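This report concerns only the one structure given below.
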Amino acid sequence: MDIALLKKKYSNNEAQTHVNDLEQQITLAHTTGGANLSKLSGDLSYYAKIASNTSAIQKAIKDIEDAQYMLSNEADADIKEMAKEEIAQKEQLITDLDQEIYQIKIERQFEDEDDDRSAILEIRAGAGGDEAALFAADLFKMYSIYATNKGWTVEIVESNVTQDGGYKEVIAHLAGKNVFKNLKYESGVHRVQRIPSTESAGRIHTSTASVAILPEAKEIDIQIDPSEIKMEVMRASGAGGQCVNKTDSAVRITHLATGIVVSCQETKHQAQNKEKAMALLRSRLYDMKKQEEMAKRKDMRSSQIGSNSRAEKIRTYNFPQNRVTDHRVKLSWFNMEGILAGDIQQIIDDVRKGIQTEILAQQEKSE
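First residue of the sequence shown: 8, per this note's numbering; consecutive thereafter.
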């Protein structure tokens with residue numbers, strides 16, 4: 008490890024200067040009622056992390072210099088050995104802290120204005136018939152448990168349940184802080200390879216389900232004129248299509264300009280179902296608007312590894328090998344039972360880091 012180079016790199020703690028300045032600005036904003044308090048707080052959190060790591064690196068560099076002095080000037084073998092261990096430990100600490108600073112800066116670069124929003128989760132069974140519907144149900148359970156463990160609330164907006172408990176389609180509202188930030192890279196086609204319970208010959212079947220994560224849109228984001236929609240009401244139906252309600256509580260809304268159709272029958276009250284359906288429509292329209300804006304940007308091709316399409320196969324759940332593989336970042340995890348029980352934070356973190364690192368590499372090549 009080149010200590011001289013590190014000393015030069017971390018000779019000044021510029022982040023701490025930013026922290027001091029931001030703390031003064033926040034104090035002033037509290038006094039004057041400044042409108043940018045949220046942004047200032049976000050900036051303070053960012054620079055505080057870097058300042059803390061930089062201070063720790065500076066101290067570690069000093070410790071290494073002291074240990075190197077002992078190694079050069081002490082005759083005692085035990086002291087020399089202690090100095091070597093100290094140097095090795097501090098070098099590893101510096102490596103870890105330096106990588107953490109790098110990751111903090113990457114996350115800052117990839118911040119999305121929608122990151123702190125709640126989200127709409129949409130899961131649809133794909134190829135594979137009943138087994139695909141059961142897999143869709145497994146995915147919904149996985150995300151629901153994960154969401155609950157994060158302290159988020161899960162509310163089903165619309166679902167189409169099969170007779171054996173699978174989902175042809177399930178749409179849910181996940182409410183909480185940073186829902187979209189955590190789940191935005193989950194959109195795409197998920198594939199499962201396993202032996203169905205109905206398979207007597209023990210053959211492995213492959214089925215798919217698509218996942219879409221949409222940032223929740225607020226009314227201020229998308230204004231919908233009543234003349235732009237067609238609303239229909241009907242009786243709610245259950246598994247197999249049988250009617251489960253004697254009143255016209257189910258609602259279907261069509262956005263005439265785009266052809267987007269949303270529906271909701273999860274409550275017994277038409278007004279509540281209409282409200283949920285309108286919220287879903289706003290989120291679909293907001294997502295469409297965001298996708299169009301992304302397509303206009305020059306860096307669209309770098310916005311996601313692969314085709315940036317929700318039709319892209321992103322992940323495989325291989326039951327015989329107890330393996331989950333994300334094809335975008337070429338990483339695998341071997342804990343199928345835990346993963347399907349909602350233990351997916353490691354996957355989410357690894358995928359985010361892998362995608363962001365690859366995007367930066369692509370950008371550097373194009374420069």
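Where is the CB? At the ideal position from N, CA and C, for every residue including glycine.
Values in this document were obtained by computation on a predicted structure and should not be read as measured data.
| Item | Value |
| --- | --- |
| Per DSSP, cross-strand counterpart(s) of T213 | Q200 |
| Which of helix, strand or coil DSSP assigns to M89 | helix |
| Same chain, Cβ closer than 6 Å to Y293, neighbours up to 5 away in sequence not counted | A224, D228, I229 |
| Completely contained beta strand (DSSP E) runs for the region 102 to 175, where each covers 3 or more residues | 126 to 132, 160 to 168 |
| Contacting residues, own chain, Cβ-Cβ under 8 Å from N185 (five flanking each side not counted) | D122, D123 |
| N20 - containing beta strand (DSSP E), residue span | From DSSP, N20 is part of no beta strand (DSSP E); its letter is neither H nor E. |
| Counted within 10 angstroms of its Cβ, other Cβ atoms place S173 as buried (16 or more) or exposed | Per the sequence shown, the amino acid found at residue 173 is Gly instead of Ser. Classification of G173: buried, given that the 10 Å Cβ count is 16 or more. |
| Separation of I211 from P203, as counted between CA atoms | 7 Å |
| Cβ separation of R131 and A216, assumed to be a contact under 8 Å, to the nearest whole Å | 6 Å |
| C-beta contact flag for Q23 and A74 at 8 Å | no |
| 7 Å CB neighbourhood of V269 in its chain, flanking five on each side removed | I260, A284, L287, L288, R291 |
| Inter-stretch contact (C-beta, 8 Å, three-pair minimum) for the region 164 to 181 and the region 129 to 148 | yes |
| Distance, R322 Cα to V331 Cα | 7 Å |
| Secondary structure of Q311, DSSP reduced to three states | Because the pLDDT of Q311 is 42, which lies under 50, any placement of that residue in the model is unreliable, and the question is left without a value. |
| CB contact flag (L128, A182, <8 Å) | no |
| Proximity of I68 and K14 at Cβ, strictly below 8 Å | yes |
| Straight-line gap, E226 to F341 (C-alpha atoms, nearest Å) | 42 Å |
| I113 and Q369 closer than 8 Å at C-beta | no |
| Supposed contact pair I354 and D333 - C-beta distance, whole angstroms, cut 8 Å | 7 Å |
| Assumed close pair S152, E193 - CB separation to whole angstroms, cut-off 8 Å | According to the sequence shown, residue 152 is Ile rather than Ser. Contact flag wrong, Cβ pair sits at about 14 Å. |
| For E239: DSSP bridge partner residues | R259 |
| T364 beta carbon near the ligand ZN (any heavy atom closer than 7 Å) | Of the ligands one can find in the structure shown there are none, so the ligand ZN has no counterpart to examine. |
| Assigned secondary structure, G247 (DSSP; H/G/I helix, E/B strand, else coil) | The predicted position of G247 is uncertain, since its pLDDT is 49 and thus under 50; no value can be drawn from it. |
| Contact check, A126 vs L190, beta carbons under 8 Å | yes |
| Pick from K281, E273, S234 that is closest to A264, judged by C-alpha positions | S234 |
| From E165, V196, E120, residue whose alpha carbon lies closest to that of S49 | First, the amino acid is wrong: residue 49 is Gly here, not Ser. Of the listed residues, the one whose Cα sits closest to G49 is E120. |
| CB-CB length for Q375 against K360, believed under 8 Å | There is no way to answer for residue 375, as the model of the chain reaches only from 8 to 374. |
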